[in-house]
Amino acid sequence: MSPARAAALFATALLGLAAAGCSGSDSGAAQGNTGSARSSAPSTPVQDTGAGLGRDFTADPTIVGAHAISFPSWRKVAEDRIAVNFQSGAPECYGVDASVTETDKSVTVELRSGTRPAAVGRMCTMVAVFGTLEVPLKSPLGQRQVLSAA
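According to mature numbering (1 follows the signal peptide of the UniProt record, and there is no 0), the stretch in the sequence shown is residues -18 to -1, 1 to 132, in order.
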């Protein structure tokens, strides 16, 4: 193979790899939802009676590009505290925060995930991490149903 042809082949391969790497966004800004349409009705996660499923997370209200995520299960920690189990990215780069809406019949948790401010613009590994976040309640849980807002 001639040196010119080898150089052209190398340049073509390099351009192909560069184009493949440009499909995401590292800006840290919120991204539009490109998945299937979601319903606005809260979902019902299952109660987990065992120990926590994942790594303990601490609520971080400073996350950037926060978006609602669902949680598949939860457990009662105390009368006025529950723990929600979820899936996230590497804790060094991604954090979560939650808000709670309480009624006489239900407790609806809006769990949000986003980028930690210190990780904006940094490269982060794409790993799935099972996490648990304890969420305080204003009133004892009692017989109320726990719902995920996402």
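From the three backbone atoms N, C-alpha and C, an ideal C-beta is built for every residue, glycine too.
In the DSSP annotation of this structure, the continuous segment of the beta strand (DSSP E) that includes residue 130 starts and ends at 127 to 130.
For secondary structure counted as the beta strand (DSSP E) over 3 or more consecutive residues, the region 21 to 55 holds these complete runs in sequence order: 37 to 39 and 46 to 51. Going by C-alpha positions, residue 93 is about 15 Å away from residue 63. Take residue 109, set aside five residues on each side of it, and the residues of its chain with a beta-carbon closer than 8 Å to its own are 71 and 72, in chain order. Restricting attention to 48, 123, 55 and 38, the CA atom closest to the CA of residue 86 is found in 123. Apart from sequence neighbours up to five positions away, the residues of its chain that approach residue 129 with a beta-carbon distance below 8 Å are 24, 25, 26, 27, 88, 89, 90 and 91, ordered along the chain. The DSSP-derived three-state label of residue 72 is coil. If you draw a straight line from the Cα of residue 37 to the Cα of residue 121, it comes to about 26 Å. Take residue 98, set aside five residues on each side of it, and the residues of its chain with a beta-carbon closer than 7 Å to its own are 42, 45, 75, 76 and 77, in chain order. Look at residue 101 here: in three-state DSSP terms it is helix.
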